[in-house]
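Report on the structure given below.
Residue numbers (the numbering used here), protein chains in the order written: chain P, 7 to 283; chain C, 57 to 317.
Right, dumping it as structure tokens:
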């Protein structure tokens, strides 16, 4: 579904990606994690044809994103972190935008709007930031695009909405769709995003499923600072140390904490080269 | 073609409030002089027969160029709105064709119809209130269509300005036109001075300057001058607009390739 091969990209003279490779098959909700300025949004824009690579090749849904074919664009919905909604009714918005998305499902859209408790009579420009986000998310999910890109989707959502978001997004996934969620709010995304892609220093340093990770590493909280050579990463937390170790055959699988996994991968990327499937 | 129609629908929705205000302004500008003239003057035909045609020309050109200049400001050049424009599933040429149709074709035709209706109403009022009327706007007058044709050509320049400049599109386009005209005039002057050197004894003065014989196009009729004149007409009627559209197309592509950075 998505193949990026030896991608180079730079902003002017500042190189961001060098020789970046990424393959994303369909049917999963991918989590894209990375520190500020790592290039997450740039990567999403390269995938969606909003930015052009300097070299390398890319294939998104069977198309070269640089050609910006309408057939590709109508199969991608991208909800950015910052967006604009005009002052109009939902009906008008649908009338002006649905024609561009041939797979749009109006019944599903109504369901999502109801799920997110959005006021149908209110102008969408008058919605709060969180409501606007829920509106666009409803539109994106109902558009039935093969690729749904969400950049920081839980920013601005209240606590019940975050739960609703996870439930709704998970229920909308089908075998032919792929969702990519870029986020810093990893706790909001636990039990939703899997596999995980971690972008660091212009490279993909981690791209694996949580199941595969839990086969090879384990996480636990220990009272004292661990010193043995099986330790990949440890961090001081209130009440002890959160420790990431290589998992032995005798050990039971542990819950993978995304925040700890991210910190471990960014701190010791070399250690994870051997554990990725 | 379907996408172009949908883009035009979006454009109409975006511009509808501004257009309504614009329509109100036109109505006011046409109504006020007609009423004042009707009230203060006892003679019939208080407005000149060409008054509405002159007003039409002013609104067509000035209003049309301003509307054209703003065509990309609320999508391609707007930081907050450009995302949805960039992700719109349409071809680049459709993003170009829809503004050409919008401000180059639909606007002048709508303006003509509107002028016809408004002048009909105003002159009807004039007859009712003052018992006389002036000549209404005639949308079938060839002179008006010639003006529309000229507008269609010149509109392409402002479309290019709208795409090329990121802000103050109209002012910058006008300034660019002024600078361009000055440069072109200086080049023409230089070429003229060199080609017709035998006719000059000073920088720009011919032999009969003091007796009132100036250098004019008529006195300098030559095959070269005719060729230049024909060439200039061909450039204006057949080359200028396509050239501006092609450059605008590539400007849109450039913006799309760089995320409007």
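In this text, a Cβ means the ideal position worked out from N, Cα and C, and glycines have one as well.
- Residue pairing by DSSP places residue 28 of chain P opposite P/10 in a beta bridge.
- The beta-carbon of residue 74 of chain P is placed less than 8 Å from the nearest beta-carbon of chain C.
- Boundaries of the alpha helix (DSSP H) harbouring residue 110 of chain C: 107-114, taken from the DSSP string.
- Using beta-carbon distances, residue 66 of chain C counts as an interface residue toward chain P, with a partner under 8 Å.
- Contact check for residue 202 of chain P and residue 37 of chain P: beta-carbon distance about 5 Å, within the 8 Å limit, so the pair qualifies.
- In this structure, residue 199 of chain P lies away from residue 84 of chain P, with their beta-carbon atoms at least 8 Å apart.
- Taken atom to atom, the span from the alpha-carbon of residue 50 of chain P to that of residue 295 of chain C is near 40 Å.
- Setting aside the 5 residues that flank it on each side, residue 148 of chain C is surrounded in the same chain by 305, 308, 309 and 312, each with a C-beta closer than 7 Å to its C-beta; the list follows chain order.
- Taking 9 Å as the upper bound on Cβ-Cβ separation, chain C lies near no residue of the segment 141-159 of chain P.
- By the criterion of a C-beta distance shorter than 6 Å, residue 221 of chain C is surrounded in its chain by 228, once the five residues flanking it on both sides are discounted.
- For residue 225 of chain P, the enclosing beta strand (DSSP E) begins and ends at 223-228.
- Annotated three-state conformation of residue 16 of chain P is strand, per DSSP.
- In this structure, the alpha-carbon of residue 180 of chain P lies about 14 Å from that of residue 173 of chain P.
- Between residue 205 of chain P and chain C, the shortest Cβ-Cβ separation is not below 8 Å.
- Looking at the backbone, the Cα of residue 89 of chain P and that of residue 95 of chain P are separated by about 17 Å.
- Within its own chain, the residues whose Cβ lies closer than 7 Å to the Cβ of residue 159 of chain C, once the five positions on either side in sequence are excluded, are 120, 123, 124, 127 and 211, listed in chain order.
- The alpha carbon of residue 19 of chain P has as its nearest neighbour, out of P/60, P/33 and P/46, the alpha carbon of P/60.
- Judged by DSSP in its simplified three-state form, residue 146 of chain C adopts coil rather than helix or strand.
- If the five residues before and after residue 104 of chain P are omitted, its C-beta is found closer than 7 Å to the C-beta atoms of 110, all from its own chain and listed in chain order.
- Between residue 249 of chain P and residue 260 of chain P, the CB-CB gap reaches or exceeds 8 Å.
- The C-beta of residue 143 of chain C comes closer than 8 Å to at least one C-beta of chain P.
- Separation of the CB atoms of residue 147 of chain P and residue 113 of chain P is rounded to 12 Å, and the pair is thereby denied contact status at 8 Å.
- Cβ atoms of residue 195 of chain C and residue 223 of chain C stay farther apart than 8 Å, at about 36 Å.
- Neighbours of residue 62 of chain C across chain P, judged by C-beta separation under 8 Å: 102, 105 and 106.
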